[in-house]
Amino acid sequence: MKLRLATAAALALTLTACAPSTSTPRTAPSDGGARTGTLKVWLFDEPNRAPKEKVVNEAVAEFTAAHQDTKVDIAYIAVDTRSERFKGAFNDPASAPDVVEYGNTDLPEYAAAGGLADVGPAVTAWSEGADLSPDAKSSATYEGTLLGVPWYVGVRALYYRTDIFQELGLKVPTSIAELTTAARTVRAKKPELFGVAVGGKYTYAAMPFVWDAGGDITSLNSAQSRAGLKAYTDLIADNNCPPQQCADLTGGKTVDLFASGKAAMGILGNFNRAAVDAGAAKGKYAVVPLPGSKPGSIAPAFAGGNNLGIMKNSQRPALAADFLTLLAGKKYQSEMYDAMGNLPTLKSASAVVAAKDKFVEPFITTISNGTKFVPLDPGWGKIDASAVLPTMIEKVATGKSTVEQATDEAAKQVDAALTK
């Protein structure tokens, strides 16, 4: 309890000292607001909410037992309309919740709106805060300020069909070159299959190739980015995954191909496990980290996931900090994995999960090796909405543009969107 009070006090000092007048709580006492009453929490709804709700309700029960005269009002909000809900809360303090779940790619937009509180001091005072990896914290940091606690993360790795590899005498790829050779071998010997399912609209499968080559979203027309893009688009070819079938494949369709037994390999997420186990590939696959260009290396993966934050308009910032650090702690991160398959962001929770479920090892290894993220800039939303990256990939895969032409065009669009 002493730890949580210290955490709350640290956050309270930040909130009262730094909040601008346009978003300052109506009451912002130095003690961090009221310590009783109702704490309002927004969490994302799920297609099957019951497992998540069960874990959250357990956390609420623990929290209210430790905080007299306190209630927690959990509202599950639709993911598709979250932006409008958040904008409304930023502009209307009376409707603002205290604790919120938000996607890490939402961070630039919400940070630019000034709606989130600095939780850096709270995390520093939290004993488990030191257990967050630098990569995890960076995905919740905007212009040097920590605006949330990474609650869970999702990364992609290489799924492969163990039965097909055994039948054809193939070794598990340890480099992009070996992956390419294995994919082409499968296609040649089993033309009814794709070697590795890759899609022109599957941005987060393509970007590890770019990052591994030393490129980035902010330097798409560099030699490094072009080399990585070429390595990926070379796989969208007749000798692996024909352009007429694969140029417009999304991530979801790629998952479907592997799960249904139509591909020997696929770059899929830990969160795709249930879909694969529901298909023909069940019991016939294994997972390894996606290899990089150097033998034995691991390509950097995009670290998607959600954060827990505190609204700057919170009327109860101290209580909010207490609840956030409880829900984001080792105990409930571990339980959320059991319930939802969400990979923990705390190293201690990851160790617990890995010890009881070997499936997650390649994903945790991938995270430990280092992950990448989209540009933390409000302009990223425009880049994403305009499909700049998938359009670039498709144009190269279909031969409509050369690598040079497509990357030059995409780089100009990125630069324009990120110019402040």
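Take any residue in the sequence shown, note its place counting from 1, add 5, and you have its number in this note's numbering. No residue lacks a Cβ here, since even glycine has one placed at the ideal position from N, Cα and C. Remember, it's a predicted structure, so these values are computed and weren't measured experimentally.
Here Arg-231 is actually not in contact with Phe-364; their C-beta atoms are around 35 Å apart, not less than 8 Å. With fewer than 16 other Cβ atoms inside 10 Å of its own Cβ, Gly-42 counts as exposed. Taken in chain order, the complete alpha helix (DSSP H) segments of 4 residues or longer contained in the region 179 to 230 are 181 to 194 and 208 to 217. For secondary structure counted as the beta strand (DSSP E) over 3 or more consecutive residues, the region 256 to 317 holds these complete runs in sequence order: 268 to 274, 290 to 293 and 309 to 315.
With contact defined as three or more Cβ pairs closer than 8 Å, the region 334 to 350 and the region 113 to 124 are not in contact. Under the 10 Å beta carbon count, Asn-318 is surrounded by 16 or more other beta carbons and is classified as buried. Per the coordinates, the alpha-carbon of Tyr-290 lies some 18 Å from the alpha-carbon of Thr-190. The C-beta of Gln-249 has fewer than 16 other C-beta atoms within 10 Å across all chains shown, which makes the residue exposed. Between the region 215 to 225 and the region 373 to 381, the count of C-beta pairs closer than 8 Å reaches three or more; the two stretches touch. Annotation: Thr-185 to Ala-359 spans about 29 Å, alpha carbon to alpha carbon. Comparing C-alpha distances from Thr-412 to each of Val-393, Ala-421 and Leu-423 shows the shortest one belongs to Val-393. Secondary structure note for Val-104: its beta strand (DSSP E) is the uninterrupted segment 104 to 108. Residue range 385 to 390 is occupied by the alpha helix (DSSP H) that includes Ile-388, with no beta strand (DSSP E) assigned at that position. Around the beta carbon of Ser-144, 16 or more other beta carbons sit within 10 angstroms, so the residue counts as buried. Gly-153 is positioned such that its CB atom lies no closer than 8 Å to that of Leu-381.
In terms of CA proximity to Phe-276, Tyr-342 leads the group Thr-403, Tyr-342, Cys-251 and Phe-170. Residue pairing of Asp-78 in beta bridges, as defined by DSSP: Lys-45. If you look at Gly-125, you'll find it in the alpha helix (DSSP H) that goes 125 to 130. Spanning the alpha carbons of Arg-321 and Ala-83 requires a straight line of approximately 24 Å. The residues Thr-43, in chain order, have a CB closer than 6 Å to that of Lys-76 in the same chain once the five nearest residues on each side in sequence are set aside. By the 16-neighbour rule on beta-carbons within 10 angstroms, Gly-125 is buried. Using a Cβ distance threshold of 8 Å, Val-419 and Leu-225 count as a contacting pair. Residue burial annotation: Ala-55 is exposed, with fewer than 16 other C-beta atoms found within 10 angstroms of its C-beta.
DSSP links Arg-166 through a beta bridge to Tyr-290.
CA-to-CA, the gap between Ala-101 and Ser-406 works out to about 48 Å.
Membership of Pro-98 in any beta strand (DSSP E) is not indicated, and neither H nor E is assigned to it by DSSP. Judged by DSSP in its simplified three-state form, Gly-134 adopts helix.
Under the three-state reduction of DSSP output, Thr-350 falls in the coil class, being neither helix nor strand.
Collapsing the DSSP output to three states places Leu-121 in a strand.
Between Leu-348 and Leu-331, the alpha-carbon positions lie close to 17 Å from each other. Our two residues, Trp-131 and Phe-328, have alpha carbons roughly 12 Å apart in a direct line. The criterion of a C-beta distance shorter than 8 Å is satisfied by Cys-246 and Val-203. For Pro-52, no alpha helix (DSSP H) encloses it, and the DSSP letter there is neither H nor E. If you draw a straight line from the Cα of Leu-173 to the Cα of Val-293, it is about 19 Å long.
The way I'd put it, the region 386 to 403 does touch the region 204 to 213; three or more beta-carbon pairs between them come closer than 8 Å. Collapsing the DSSP output to three states places Lys-235 in a helix.
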